[in-house]
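Take a look at the structure set out below.
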Amino acid sequence: DALAFARALGRVLVLPKFPCLCDRSEAPAIIPSCVFEASDMHLPFTCPVTHMIDIFQLEQIRPRYSADGNQLERDGIDWRESGFLTSPFTPDVVRNGVLRVTVMESSSAARDLRRRGVPALVAGSSDVE
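Note that the numbering used here has the sequence shown beginning at 748, numbered continuously upward.
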């Protein structure tokens with residue numbers, strides 16, 4: 748749903764934090780406790796994004812620009828990791844930027860709002876809508 752919202756609104760998707768109840772491992776010894784032996788990890792913990800999402804596949808949805816960065820070669824959805832909004836390197840204007848979206852029951856009401864410059868989506872919209 749978050750990808751669909753980002754696409755529909757022309758916004759950058761900030762991935763959520765994913766809580767993990769078990770560390771990721773191929774070793775069967777981890778199964779009883781969900782942490783590596785002698786680990787001081789506390790459960791639950793915030794998962795690395797690579798535990799939940801195939802980053803290579805996620806990269807495929809990003810827009811592509813020319814080498815000089817001036818021309819869009821492929822449309823897409825840009826994204827950031829969950830820590831982006833709390834990073835000291837993120838400008839305040841970005842961190843504090845808010846887009847309020849109105850969800851309407853009818854497509855005609857949402858269309859009327861969009862004509863007035865108000866971001867609006869229709870409840871229960873499909874990916875085509």
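In this text, a Cβ means the ideal position worked out from N, Cα and C, and glycines have one as well. Small disclaimer: the values here were computed from a predicted structure and weren't measured.
- Contact between the region 822-836 and the region 751-764 is established, with three or more Cβ pairs separated by less than 8 Å.
- DSSP, read as helix, strand or coil, puts residue 833 in helix.
- In this structure, the CA atom of residue 859 is about 15 Å from the CA atom of residue 870.
- For the options 846, 854, 852, 853, the alpha carbon positioned closest to that of residue 865 is the one of 846.
- CA-to-CA, the gap between residue 867 and residue 849 works out to about 5 Å.
- Taking the C-beta atoms as reference points, residue 829 is found nearer than 8 Å to residue 762.
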